[in-house]
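Input: a single structure, listed below in structure tokens.
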Amino acid sequence: MGFLANIFGYVLNFLYSWLQNYGWAIILFSVILQIILLPLSIKQQKSLKKSAKIQQEMQKLQLKYRNNPELLNQEVMGLYKREKVSPFSGCLSSIIQLILFLSVFYLVSRPLTYMKKVDPMVLEKYQQEITESGETSSYPEIKIIEKKATEDENVYINMDFLGLDLSKVPMQNLSDIKVLIIPILYVITTFINIKIMTNLNNAKSKNTDKKAITDGKNEDTMEEQLQSMQQMTNSMNYMMPIMSIAIAVIAPLGLSLYWLVKNILQLLERLLLNKFMNKEEA
652 MGFLANIFGY VLNFLYSWLQ NYGWAIILFS VILQIILLPL SIKQQKSLKK
702 SAKIQQEMQK LQLKYRNNPE LLNQEVMGLY KREKVSPFSG CLSSIIQLIL
752 FLSVFYLVSR PLTYMKKVDP MVLEKYQQEI TESGETSSYP EIKIIEKKAT
802 EDENVYINMD FLGLDLSKVP MQNLSDIKVL IIPILYVITT FINIKIMTNL
852 NNAKSKNTDK KAITDGKNED TMEEQLQSMQ QMTNSMNYMM PIMSIAIAVI
902 APLGLSLYWL VKNILQLLER LLLNKFMNKE EA
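Here the sequence shown stands for residues 652 to 933, numbered as in the working numbering.
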């Protein structure tokens, strides 16, 4: 993660040297990263739409072979192969998102190391001085910026963004209500994203013919099976956002800003890609 954070640091520092503002640099960095990942997003969106189309067949197989897991797995893999859909495409996307998540966290929590490339010996010296003064912090480099920027311009970063100090950690500054603005907006956009993604993925399955699925089986059994599948899917969809929300309140605001911009860009991207692909299908 440190390797990728180091690369991201070069990009963010270049943007910062141009814009002279940490917040605007993060926003532009988020846009650039989203553009780079656009081919992957298109591939994922196509895979999701194709997966939605084969859900009816999947449900039939799950009901038909519910007492024979081994044969069910064989039939499901055969279905994916025939339709040329990878069952692991969602996993690949999740892995990439996790790697990016950790890399950006490293970047914003240690901006002097990864962005400004300050000499580690200098950072160690400043950190020791701050510790000896009796002050501690979960993010030593953020504390160095706060305490030493007036003495050494090499550790100065302009973190004032529209009146918000992006170096602040919400959990440590609850008396300042402004620190909650970005995390709250992030939470709102996160659940809007989840809702829209769920609706897009379920759009096809809403028109599923229950009689075709049951194939003579008990309808109550079918409903139980589908509800169980839906609960599992919902749990997976909410797990990563809930984890990131928990981290957002204990991390510097720069991280929440990145996630907020990323959410907005993903929302627009999904809506536009879905509209374009629907026209293409028509």
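Positions of the beta carbon are idealized from the N, C-alpha and C atoms, including for glycine.
Of the residues the options, the one placed nearest residue i, counting alpha carbons only
{"i": "N664", "options": "R733, T764 and I747", "result": "T764"}
{"i": "S682", "options": "V727, V769, V912 and K819", "result": "One point to set straight first is that residue 682 is Val, not Ser, in the sequence displayed. For V682, the nearest C-alpha among the options comes from V912."}
{"i": "V759", "options": "E804, G785 and I677", "result": "I677"}
{"i": "V820", "options": "Q695, I893, M728 and A899", "result": "A899"}
{"i": "M848", "options": "L679, R761 and Q696", "result": "Q696"}
{"i": "I793", "options": "P762, Y757 and M822", "result": "P762"}
{"i": "L670", "options": "L723, M810, E783 and F756", "result": "M810"}
{"i": "I833", "options": "G653, I901, F680 and M928", "result": "I901"}
{"i": "L774", "options": "F756, V755 and K798", "result": "K798"}
{"i": "F927", "options": "F654, I693 and M652", "result": "I693"}
{"i": "I815", "options": "E804, I828, M822 and Q823", "result": "According to the sequence provided, residue 815 is Leu. The question's Ile does not apply to it. Out of E804, I828, M822 and Q823, I828 has the C-alpha closest to the C-alpha of L815."}
Proximity of residue i and residue j at Cβ, strictly below 9 Å
{"i": "V838", "j": "L904", "result": "no"}
{"i": "F812", "j": "N925", "result": "no"}
{"i": "W675", "j": "L666", "result": "yes"}
{"i": "I747", "j": "L691", "result": "yes"}
{"i": "L730", "j": "L753", "result": "no"}
{"i": "L756", "j": "L655", "result": "Looking at the sequence shown, residue 756 is not Leu but Phe. No, they are not a contact pair."}
Whole-angstrom distance between residue j and residue i, CA atom to CA atom
{"i": "N844", "j": "E802", "result": "44 Å"}
{"i": "L817", "j": "K846", "result": "28 Å"}
{"i": "I796", "j": "I808", "result": "7 Å"}
{"i": "T859", "j": "T787", "result": "Caution applies to T859, whose pLDDT of 45 falls short of 50 and renders its modelled position unreliable; the value that the coordinates give is listed next. Each residue's Cα considered, the two are about 58 Å apart."}
{"i": "L918", "j": "Q779", "result": "44 Å"}
{"i": "G785", "j": "I687", "result": "44 Å"}
{"i": "V769", "j": "S789", "result": "19 Å"}
{"i": "E726", "j": "Q685", "result": "36 Å"}
{"i": "S668", "j": "L908", "result": "19 Å"}
{"i": "M709", "j": "N850", "result": "19 Å"}
{"i": "K868", "j": "E920", "result": "Its pLDDT being 44, under 50, K868 is placed unreliably in this model, and the coordinates cannot settle the point."}
{"i": "M894", "j": "M728", "result": "31 Å"}
{"i": "M772", "j": "E804", "result": "16 Å"}
{"i": "L836", "j": "R733", "result": "43 Å"}
{"i": "L722", "j": "P791", "result": "55 Å"}
{"i": "L679", "j": "K715", "result": "51 Å"}
{"i": "Q823", "j": "L922", "result": "37 Å"}
{"i": "R717", "j": "N914", "result": "38 Å"}
Whole-Å CB distance - residue i paired with residue j, under 8 Å assumed
{"i": "T841", "j": "I781", "result": "That belief does not hold up - the Cβ atoms of T841 and I781 are roughly 34 Å apart, past 8 Å."}
{"i": "K776", "j": "V806", "result": "No, K776 and V806 are not in contact; Cβ-Cβ is about 11 Å, not under 8 Å."}
Residue-chain proximity (residue i, chain D), Cβ-Cβ < 9 Å
{"i": "R921", "result": "Among the protein chains of the structure shown there is no chain D, as only one such chain exists."}
The ligand ADP heavy atom lying under 8 Å from the CB of residue i
{"i": "M822", "result": "No copy of the ligand ADP appears in this structure; indeed no ligand is present at all."}
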